[in-house]
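To keep things clear, I will list the structure first and then write my remarks on it.
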Amino acid sequence: MAPTFNVIGIVVADMARALAFYRRLGLDLPAEADTEPHVELTLPGGLRLVWDTIDTIRSFDPAWTPPSGGSRVGLAFACASPAEVDEVFALLVDAGYDGHLKPWDAFWGQRYAVVHDPDGNAVDLFAPLA
Numbered sequence: 002m003a004p005t006f007n008v009i010g011i012v013v014a015d016m017a018r019a020l021a022f023y024r025r026l027g028l029d030l031p032a033e034a035d036t037e038p039h040v041e042l043t044l045p046g047g048l049r050l051v052w053d054t055i056d057t058i059r060s061f062d063p064a065w066t067p068p069s070g071g072s073r074v075g076l077a078f079a080c081a082s083p084a085e086v087d088e089v090f091a092l093l094v095d096a097g098y099d100g101h102l103k104p105w106d107a108f109w110g111q112r113y114a115v116v117h118d119p120d121g122n123a124v125d126l127f128a129p130l131a
């Protein structure tokens, strides 16, 4: 018997602000989720992406503190084209999110960019180059 990978969890300081960011990346999250302490979204294939407030985490782990020195987990969103990487990056930065690394043509054959979500987590945008 082996465990099955099933959930990616993100701890957030402000649920509404965090979900607004992920909605801009195309995730279908209902507006009423903004006031919840725990939100789950089942992705195609069954993997779940969940968000928990700091208070929720501290309800069972009172000593929990946010990591420091940079994000420890990165999420990556595939775009349809190199131009879409540039467009999505610009939309997020124009909406006030931190554009950590501007789009560039990576040596591994992808157009790549990195934006930070409201809690400082790295969110990569990528698309194959021609």
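By our numbering, the letter at position 117 of the sequence shown is numbered 118, and the numbering carries on one by one without gaps.
For glycine and all other residues, C-beta sits at the position ideal for the given N, C-alpha and C.
Shown here for P38: same chain residues with a beta carbon closer than 6 Å to its own, the five before and five after excluded, namely T54 and T57 in chain order. Note: E41 is bridge-paired with V51 in the DSSP secondary-structure output. Secondary structure of Y113 (DSSP, three-state): strand. A Cβ-Cβ distance of about 16 Å is found for the pair L76 and N7, leaving them out of contact under the 8 Å criterion.
Taking C-beta separations shorter than 8 Å and ignoring five residues to either side along the sequence, the partners of W105 in its chain run R112, Y113 and A114, following chain order. In this structure, the alpha-carbon of G47 lies about 14 Å from that of G10. Residue burial annotation: D95 is exposed, with fewer than 16 other C-beta atoms found within 10 angstroms of its C-beta. With contacts defined by Cβ atoms closer than 7 Å, A3 and L20 do not form a contacting pair. D120 and G71 have their C-alpha atoms some 10 Å from each other.
Residue pairing by DSSP puts F127 in a beta bridge opposite A79 and Y113.
Excluding sequence positions up to five before and after L92, its CB lies within less than 8 Å of the CB of R25, all in the same chain and listed in chain order.
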